[in-house]
Amino acid sequence: MCGATVGGLSTEGIDVAKETVIHWSAYRWRKGPEGMCGATVGGLSTEGIDVAKETVIQGSVTKGGTPVSGGYVRLLDAGGDFTAEVVTSATGQFRFFAAPGQWTLRVLSPGGRGESTVTAVHGQVTETDIALTS
Amino acid sequence: MSRTDVLVETDWAANHLQTPGVVFVEVDEDVSAYDTGHIPGAVRVDWREDLQDPVRRDFVDQAGLEQLLSEKGITGDDTVVLYGGNNNWFAAYAYWYFKVYGHDDVRLLDGGRKKWELESRPLTTDVPARPRTDYRAKPARTDIRAFRDEVIAAIGEQNLIDVRSPDEFSGKLLAPAHLPQEQSQRAGHIPTARNIPWSKAANDDGTFKSDDELTALYEGAGVELGKDTIAYCRIGERSAHTWFVLHELLGQPNVKNYDGSWTEYGSLVGVPVEKGA
Numbered sequence: 001m002c003g004a005t006v007g008g009l010s011t012e013g014i015d016v017a018k019e020t021v022i023h024w025s026a027y028r029w030r031k032g033p034e035g036m037c038g039a040t041v042g043g044l045s046t047e048g049i050d051v052a053k054e055t056v057i058q059g060s061v062t063k064g065g066t067p068v069s070g071g072y073v074r075l076l077d078a079g080g081d082f083t084a085e086v087v088t089s090a091t092g093q094f095r096f097f098a099a100p101g102q103w104t105l106r107v108l109s110p111g112g113r114g115e116s117t118v119t120a121v122h123g124q125v126t127e128t129d130i131a132l133t134s
Numbered sequence: 135m136s137r138t139d140v141l142v143e144t145d146w147a148a149n150h151l152q153t154p155g156v157v158f159v160e161v162d163e164d165v166s167a168y169d170t171g172h173i174p175g176a177v178r179v180d181w182r183e184d185l186q187d188p189v190r191r192d193f194v195d196q197a198g199l200e201q202l203l204s205e206k207g208i209t210g211d212d213t214v215v216l217y218g219g220n221n222n223w224f225a226a227y228a229y230w231y232f233k234v235y236g237h238d239d240v241r242l243l244d245g246g247r248k249k250w251e252l253e254s255r256p257l258t259t260d261v262p263a264r265p266r267t268d269y270r271a272k273p274a275r276t277d278i279r280a281f282r283d284e285v286i287a288a289i290g291e292q293n294l295i296d297v298r299s300p301d302e303f304s305g306k307l308l309a310p311a312h313l314p315q316e317q318s319q320r321a322g323h324i325p326t327a328r329n330i331p332w333s334k335a336a337n338d339d340g341t342f343k344s345d346d347e348l349t350a351l352y353e354g355a356g357v358e359l360g361k362d363t364i365a366y367c368r369i370g371e372r373s374a375h376t377w378f379v380l381h382e383l384l385g386q387p388n389v390k391n392y393d394g395s396w397t398e399y400g401s402l403v404g405v406p407v408e409k410g411a
């Protein structure tokens with residue numbers, strides 16, 4: 001997998017019709033060996049995702065410029081309510097399928113905390129990179 | 135029942151990793167998480183492969199559970215400590231399942247895998263060898279599991295608690311936001327249900343809030359505690375988390391988890407559905 005894809009992340013198995021496959025894929029990013037060799041930040045491939053039907057929020061978590069893997073990224077709605085949580089991949093990446101509107105992303109990891117606010121649009125991929133502070 | 139009968143702290147867990155009669159079981163939504171590292175000595179239960187009927191939509195029967203737990207080397211006398219990712223959603227689901235089949239001493243690790251990881255505690259890839267046992271389950275309880283007809287009959291009569299996120303409740307989203315949204319069922323919620331997201335019962339680190347905070351949460355949202363209650367979500371795992379809070383932590387006697395949840399209800403022909411907050 002190394003160097004085969006920008007961002008090095010395999011989207012094998014992502015199919016909007018089969019949610020659990022996607023689900024497992026999403027988690028397989030966390031520490032799985034495949035596709036995790038490069039330390040590329042951002043640029044998560046959306047290959048296999050029907051972006052036109054989704055409202056994607058994705059990005060990466062870094063600390064001092066280094067990707068943070070195993071960080072917990074929490075998606076909060078405009079009212080501050082928890083909506084979802086994922087674990088960052090070995091390259092520090094994450095992805096959510098949200099709805100249009102304003103969202104807050106909050107990161108919790110042994111290395112520190114971080115937060116970012118985004119406005120997501122249907123049919124588009126909203127990218128956000130979050131830098132942690134101790 | 136006290137909180138320590140059903141919940142253990144990470145410190146307690148760390149001090150009981152080698153204790154005979156205590157079995158740690160990881161149940162994750164991401165079934166591969168176990169392979170990347172788990173609490174030393176823990177065995178894995180796969181919520182999908184191990185706990186679901188392979189053909190029809192239901193969970194495995196009594197004989198199926200007996201076979202599974204025998205293979206895992208668990209006995210009916212063991213203290214089973216469940217933990218997992220996603221703030222213990224699937225661990226809570228498995229907890230409920232152990233209770234459906236009458237396991238006596240089962241507990242959740244407070245904060246689950248997340249808290250263990252945030253505290254930088256050890257994980258291992260070693261898979262323990264536990265000798266096979268002859269596990270005997272009890273017949274499935276029906277007093278903690280709700281089926282669709284009871285749910286329809288409960289509209290306007292019992293507490294219905296929809297524990298999904300506000301956007302799923304209102305119909306804006308059909309699934310948690312880490313999942314793609316295209317689904318076959320209708321969006322919305324069961325009429326008269328109150329939306330109290332499971333997450334309001336947990337702290338950021340995944341631990342459960344205190345009994346006083348939890349009581350205030352449900353009463354503040356207009357739930358009459360003590361009245362018959364049915365909790366649901368999308369597939370029954372987040373509502374198992376809320377079932378745990380109401381039935382196990384707050385000791386409410388008549389609480390059921392509707393594991394058919396929105397994927398069943400939202401697909402039924404002719405049932406009432408409400409949209410909006």
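Chains A and B, in that order, give the protein sequences.
Each residue of the first sequence is one higher than the one before, counting from 1 in my numbering.
Each residue of the second sequence is one higher than the one before, counting from 135 in my numbering.
Beta carbons: idealized from backbone N, C-alpha and C, even for Gly.
- For A:Val56 and B:Gly207, the gap between their C-alpha atoms comes out near 43 Å.
- Classified as buried, B:Lys390 has 16 or more neighbouring CB atoms from the shown chains inside 10 Å of its CB.
- With the criterion set as a beta carbon lying under 7 Å from some beta carbon of chain B, the members of the region 98 to 121 of chain A are Ala98, Ala99, Leu108, Pro110, in sequence order.
- For B:Gly356, there is no enclosing beta strand (DSSP E), as DSSP marks it with neither H nor E.
- Residue range 125 to 131 is occupied by the beta strand (DSSP E) that includes A:Glu127.
- For A:Lys53, the nearest CB of chain B lies under 9 Å from its own CB, placing it at the interface with that chain.
- Here the alpha carbon of B:Tyr217 sits roughly 11 Å from the alpha carbon of B:Val240.
- Under the 9 Å criterion on CB atoms, B:Asn221 is classed as interfacial with respect to chain A.
- Contacts between A:Ala84 and chain B, judged by CB atoms closer than 7 Å, involve Pro310, Ala311, His312 in chain order.
- Taking C-beta separations shorter than 8 Å and ignoring five residues to either side along the sequence, the partners of B:Val165 in its chain run Arg178, Asp180, Trp181, Arg182, Glu183, following chain order.
- Distance from B:Asn329 to B:Asp296 at the Cβ level is roughly 5 Å; contact confirmed, criterion being Cβ atoms closer than 8 Å.
- When C-beta atoms of the region 244 to 251 of chain B are compared with those of the region 219 to 227 of chain B, three or more pairs fall below 8 Å, so the two segments count as touching.
- Cβ proximity to chain B below 7 Å picks out Lys53, Glu54, Gly70, Tyr72, Leu75, Asp77 from the region 44 to 77 of chain A.
- When C-beta distances to chain A are compared with 9 Å, the residues of the region 236 to 259 of chain B below that value are Lys248, Glu251, Leu252, Glu253, Ser254, in chain order.
- As the crow flies, the alpha-carbon of B:Val405 is around 22 Å from that of B:Gln315.
- Counting along the chain, B:Asp195 sits inside no beta strand (DSSP E), nor does DSSP assign it H or E at all.
- Neighbours of A:Gly123 across chain B, judged by C-beta separation under 9 Å, do not exist; the nearest C-beta is about 12 Å away.
- In this structure, the CA atom of B:Tyr168 is about 42 Å from the CA atom of B:Gly290.
- Of all residues in the region 140 to 156 of chain B, none is placed with a Cβ closer than 9 Å to any Cβ belonging to chain A.
- Below the 9 Å Cβ cutoff, chain B contributes Ser299, Pro300, Asp301, Pro331, Ser333, Lys334 as neighbours of A:Asp81, in chain order.
- Note on the region 195 to 274 of chain B: whole beta strand (DSSP E) runs with a minimum of 3 residues are 213 to 217, 240 to 243, in chain order.
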